[in-house]
Amino acid sequence: MSEGWLPAGAARALLRRLALVLAATPVIALAWSWLRGPGAAFDVVLAHTLGISLLSWAGTDAGRYLLRGVLRAGPPHYWPGPARAALLMGLVLPLALLGGTVIGNLYAGVPVLRLPGAPGVATWLGFCLALSLGFTALFLGKARRERREREAREAHLAALQAQLEPHMLFNTLANLRALIEIDPPRAIAMLDRLNAFLRATLGGSLAARHPLGEEVARIEDFFGLMRVRMGGRLMVSIEVPDALRGVMVPALILQPLVENAIRHGIEPLPEGGAITLRAARDGDTLVLTLGDTGAGLPEGGAMRPGGFGLAQLRQRLATLHGRRAGLEVSPAPGGGTLATLRLPLEDA
1 MSEGWLPAGA ARALLRRLAL VLAATPVIAL AWSWLRGPGA AFDVVLAHTL GISLLSWAGT
61 DAGRYLLRGV LRAGPPHYWP GPARAALLMG LVLPLALLGG TVIGNLYAGV PVLRLPGAPG
121 VATWLGFCLA LSLGFTALFL GKARRERRER EAREAHLAAL QAQLEPHMLF NTLANLRALI
181 EIDPPRAIAM LDRLNAFLRA TLGGSLAARH PLGEEVARIE DFFGLMRVRM GGRLMVSIEV
241 PDALRGVMVP ALILQPLVEN AIRHGIEPLP EGGAITLRAA RDGDTLVLTL GDTGAGLPEG
301 GAMRPGGFGL AQLRQRLATL HGRRAGLEVS PAPGGGTLAT LRLPLEDA
């Protein structure tokens, strides 16, 4: 999907870093006033420091998002490599120093391009450079820590996915065994579908994430497999806008929801039922809903047992996205069950 200058999901982190800059600036201004001695007016020093800090933040933090194509900076943090980072800093810091000086001088009512006297220029430049490099080092250090944590999470997710895929396969094989005894032709058709499904999914099974369009394609293959077994008892509707099919999602994120809807919702009813999958965007969140017209939740609203699949899904969401993702299972307005999955938006 297309995006503007700021990647999806980056606004919150960008504002957090801006808040950190704003909180640290008065402390830095106080230190600089102390270094300059009793004659330094704190408000004037604060104006200079605030201007330099904000312009440095805008150039290095917001700028790396805006220029990520030129800098070849990719997700999740969009930090460029050392050479391009040095080039960016070399361009931003002099401009931030000049711009901050103009802002402070305008506040003080002196000529806008007036710089500190010769004895203080080196100190002033050194202080500004240390300030900008300090903030950059802080953000880079945090990015490295988050990258290590993300790699650990992805390793854990790979282990969870390795458990989930055999679980789905075992369920299908158990159904196939039962069908062989009562309807061999349908069992052969189901086996052919299973073979096609495994061929289609084998290549992507090692990926931790893939576009929503690929996830939907895998689910459509699975629905085809289930239709062979259930016939007209299973009806399916999929409403996923093309604009959202490029959004990255964890692989097999919908599989447990679909299995749960079929096993606990549609299968218990002799007449079967319908399953509807929808995708929508809510701000910087992807909302996936899977509704069924099946048996519904147990009396009293208690959540029906989701078994292995839903437990793994909740663990995957917590591991990958923390509180930014969530799963809700509730009674559907017209009967049946509605599962709502929320994920932070990530573009392909």
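Counted from 1, the sequence shown has number 212 at position 212 by full-length UniProt numbering; the numbering is strictly sequential. Glycine included, every Cβ here is placed at the ideal spot set by N, Cα and C. Every value quoted in this text rests on a predicted model; they were computed, and no experiment measured them.
Item to check | Secondary structure of Ala-302, DSSP reduced to three states | outcome: Caution is warranted here: a pLDDT of 45 is assigned to Ala-302, below 50, making its placement in the model unreliable, and no coordinate value can be reported.
Checklist entry - Straight-line CA distance for Gly-334 to Gly-231? => result 23 Å
Next on the checklist: Taking only three categories from DSSP, how would you classify Pro-111?
Outcome noted: Here Pro-111 sits in coil by DSSP.
Item to check | Own chain residues within Cβ distance below 6 Å of Leu-341, not counting five before or after | outcome: Excluding sequence neighbours, Leu-341 sits near Leu-288 and Leu-327.
Checklist entry - Excluding five sequence neighbours on each side, which residues of the same chain lie with their C-beta closer than 7 Å to the C-beta of Thr-49? => result So the qualifying residues of the chain are Thr-25, Ile-28, Ala-29 and Trp-32.
Item to check | Run of the alpha helix (DSSP H) containing Glu-214, from where it starts to where it stops | outcome: 212-230
Checklist entry - Exposed or buried, Asn-260, counting other C-beta atoms within 10 Å across all chains shown (16 or more means buried)? => result buried
Item to check | Segment contact, 8 Å Cβ cut-off, at least three pairs: the region 207-216 with the region 246-259 | outcome: yes
Checklist entry - If you draw a straight line from the alpha carbon of Leu-182 to that of Arg-229, how long is it in whole angstroms? => result Before going further, note that residue 182 is Ile rather than Leu in the sequence given. So the two alpha carbons sit approximately 11 Å from each other.
Checklist entry - What three-state label does DSSP hand Arg-72 in the structure shown? => result coil
Item to check | Assigned secondary structure, Leu-18 (DSSP; H/G/I helix, E/B strand, else coil) | outcome: helix
Checklist entry - So, is Gly-39 buried or exposed, given that buried needs 16 or more other C-beta atoms within 10 angstroms? => result exposed
Checklist entry - To the nearest angstrom, how far is it from the Cα of Met-226 to the Cα of Leu-88? => result 55 Å
Checklist entry - Roughly how many whole angstroms lie between the Cα atoms of Leu-257 and Ala-311? => result 11 Å
Checklist entry - Should Phe-170 go down as buried or exposed, given a rule of 16 or more other Cβ atoms within 10 Å for buried? => result exposed
Checklist entry - Does DSSP put Ala-279 in a helix, a strand or coil? => result If DSSP states are grouped into helix, strand and coil, Ala-279 belongs with the strands.
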